[in-house]
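Heads up, the sequence shown is in the working numbering, so the first residue is 877 and it goes up one at a time.
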Amino acid sequence: MIHAPYGYLLHNIRPDSCSRGLLARQESLFSLKGAKTMQLNPMREKIPVVLVHAFPLDSRMWREQVRALSDIADIHTPNVRGFGGNRLHEKERVEDWTVGLFAFDLLQYLDKAGIDRAVLGGCSMGGYIAFEFWRRYPARVAGMILCDTRAEADTPEARENRRQMIERVRREGTGFLAQFASEKLVGKTTREKNPGLVQAVAQWATEAPAETVIGALHALASRPDSTDTLHTISVPVLLLFGEEDIVTPPECGERMLNGLPNARMHLVPAAGHLSPLEAPDYVNAHVADFLRTTIV
């Protein structure tokens, strides 16, 4: 298994060897569309699954998926350019970052890891990168897992909010992102019942360098609208949305579901914008079912 940054560096990091069984939960199926399956390379023992993290976190947000799903899938959790200790080139202009650049970085990662085709997953920012990757390199995608994300581009108000955040990072650094993460990224239930996770997310949100955060905000603000891309996504798609997500509420998933030709959607109880972290057993059970029944 590879658990590594992409972009300029490819570091091999030893994953947590701990594994646990999936907790059986009653299915909360919102909708199911299509019944197609996708055949991967039969020479591989396990399905390659590449999971791209949310802003402003890093690959640690997928730790529960690494633990629970490694028995059935070849899990990769790369860090987006600049995150997770991934160093930047000197004189790099982060103002020029785009999701297209991130998608190209991801392509390089797949090439270096020897992955021809993979199930591509993303949470929030990771979902935006997944859409761009599909537009550019569809032959490399065997399926998609989209968590707590949206197809629409930023509204003018959202772009202005990102501009203001950029200015604040320049003035103050990234410390204020701890409050942003604890108030916006995790759901009400997590705040009430899992303070340890809230504290961890708040800490992770402050650890990326200021230049990295600024570059990512530029990329997110300039990303294209992916609504018209949805109908072109011919591979199976799994949508997972936290019921308590206030950043990309379940309505975002419903709109995506209506545009995707072969998708299923699950609402994740007691979870906000980071459902893979907040409700890992529920998410892992549905991801495992998706991989076993849809990606063969």
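In this text, a Cβ means the ideal position worked out from N, Cα and C, and glycines have one as well.
Exercise for the section: Check the C-beta distance from residue 1004 over to residue 974 and give it rounded, since I have them as a contact under 8 Å. Expected result: Working through the sequence shown from its first residue, we reach residue 1004 at position 128. Working through the sequence shown from its first residue, we reach residue 974 at position 98. Going by Cβ atoms, the distance from residue 1004 to residue 974 rounds to 10 Å, so no, they are not a contact pair.
Handout entry: Exposure of residue 1154, with buried meaning 16 or more beta-carbon neighbours within 10 Å
Key = The residue labelled residue 1154 in the question sits at position 278 within the sequence shown. Burial call: buried.
Practice task
In the DSSP assignment, find the unbroken beta strand (DSSP E) run with residue 924 in it and report its ends.
Solution key: Here the question's residue 924 lines up with position 48 in the sequence shown. Segment 923-928, the beta strand (DSSP E) holding residue 924.
Problem - Candidates 1132, 1089, 1117, 1109, of which the one nearest residue 969 by Cα - result: The residue given as residue 969 occupies position 93 in the sequence shown. It is 1089.
Problem - Residues bridged to residue 1117 (per DSSP) - result: Within the sequence shown, the letter at position 241 stands for residue 1117. Bridge partners of residue 1117: 1143.
Handout entry: Closest Cα partner of residue 1123 within the set 966, 1063, 1162
Key = The residue you call residue 1123 lines up with position 247 of the sequence shown. For residue 1123, the nearest C-alpha among the options comes from 1063.
Problem - For residue 1143 and residue 922, the rounded distance between their alpha carbons - result: As a first step, residue 922 is located in the sequence shown; it is residue number 46 there, counting from the start. As a first step, residue 1143 is located in the sequence shown; it is residue number 267 there, counting from the start. The straight-line gap from Cα to Cα measures roughly 27 Å.
Problem - residue 1020 - partner residues in DSSP beta bridges - result: Position 144 of the sequence shown, counted from the first residue, corresponds to residue 1020. Looking at the DSSP assignment, residue 1020 forms a beta bridge with 996, 1113.
Practice task
Can you say whether residue 955 is buried or exposed, counting buried as having 16 or more other CB atoms within 10 angstroms of its CB?
Solution key: Working through the sequence shown from its first residue, we reach residue 955 at position 79. Buried, since its Cβ has 16 or more Cβ neighbours within 10 Å.
Handout entry: Residues sharing a beta bridge with residue 949, DSSP
Key = Here residue 949 is taken as the residue at index 73 of the sequence shown, counted from 1. In the DSSP output, where bridge partners are listed per residue, residue 949 has 923.
Handout entry: Backbone secondary structure at residue 1005 - three-state DSSP
Key = Counted from its first residue, the sequence shown places residue 1005 at position 129. In the structure shown, residue 1005 sits in a helix (DSSP, three-state: H, G or I).
Exercise for the section: Give the single residue among 1160, 1078, 1046 whose Cα lies nearest to the Cα of residue 1091. Expected result: Stepping through the sequence shown from its first residue, residue 1091 is reached at position 215. It is 1046.
Handout entry: Residue range of the unbroken alpha helix (DSSP H) whose run includes residue 1078
Key = Position 202 of the sequence shown holds residue 1078. Here the alpha helix (DSSP H) through residue 1078 covers 1071-1081.
Problem - Whole-angstrom distance between residue 962 and residue 984, CA atom to CA atom - result: The residue labelled residue 984 in the question sits at position 108 within the sequence shown. The residue labelled residue 962 in the question sits at position 86 within the sequence shown. Each residue's Cα considered, the two are about 14 Å apart.
Handout entry: residue 942 beta carbon less than 9 Å from that of residue 1021
Key = Locating residue 1021 in the sequence shown gives position 145, counting from the first residue. Locating residue 942 in the sequence shown gives position 66, counting from the first residue. The answer is no: Cβ separation not under 9 Å.
Problem - Rounded C-alpha distance that separates residue 1175 from residue 940 - result: What is shown of the chain runs 877 to 1172, which leaves residue 1175 out entirely.
Exercise for the section: Look at residue 1078 and residue 1095 and say whether their C-beta atoms are less than 9 Å apart. Expected result: If you number the sequence shown from 1, residue 1078 lands on position 202. If you number the sequence shown from 1, residue 1095 lands on position 219. It is not a contact, given that the beta carbons lie outside the stated cut-off.
Exercise for the section: Could you tell me how far apart the beta carbons of residue 1107 and residue 1129 are, in whole angstroms, since I believe they sit closer than 8 Å? Expected result: If you number the sequence shown from 1, residue 1107 lands on position 231. If you number the sequence shown from 1, residue 1129 lands on position 253. So it is not a contact: roughly 16 Å between Cβ atoms.
Practice task
Compare the C-beta of residue 1027 with all C-beta atoms of chain C and state if any pair is closer than 9 Å.
Solution key: Absent from the structure is chain C; it holds one protein chain and no more.
Practice task
List the whole-angstrom C-beta distance separating residue 960 from residue 934, where the pair is believed to meet the contact cut-off of C-beta under 8 Å.
Solution key: Your numbering for residue 960 matches position 84 in the sequence shown. Your numbering for residue 934 matches position 58 in the sequence shown. Yes, they are in contact, since the Cβ atoms of residue 960 and residue 934 sit about 4 Å apart, within 8 Å.
Exercise for the section: Kindly indicate which residue of 1066, 1074, 1085, 996 has the alpha-carbon position closest to the one of residue 1118. Expected result: Your numbering for residue 1118 matches position 242 in the sequence shown. Comparing Cα-Cα distances from residue 1118 to each of 1066, 1074, 1085, 996, the minimum goes to 1066.
Exercise for the section: Would you identify the three-state DSSP class for residue 1162, choosing helix, strand or coil? Expected result: Here residue 1162 corresponds to residue number 286 of the sequence shown, with the count starting at 1. Three-state result, residue 1162: helix.
Problem - Residue environment, residue 1121, which counts as buried when at least 16 other CB atoms sit within 10 Å - result: Numbered from its first residue, the sequence shown carries residue 1121 at position 245. Label assigned to residue 1121: buried.
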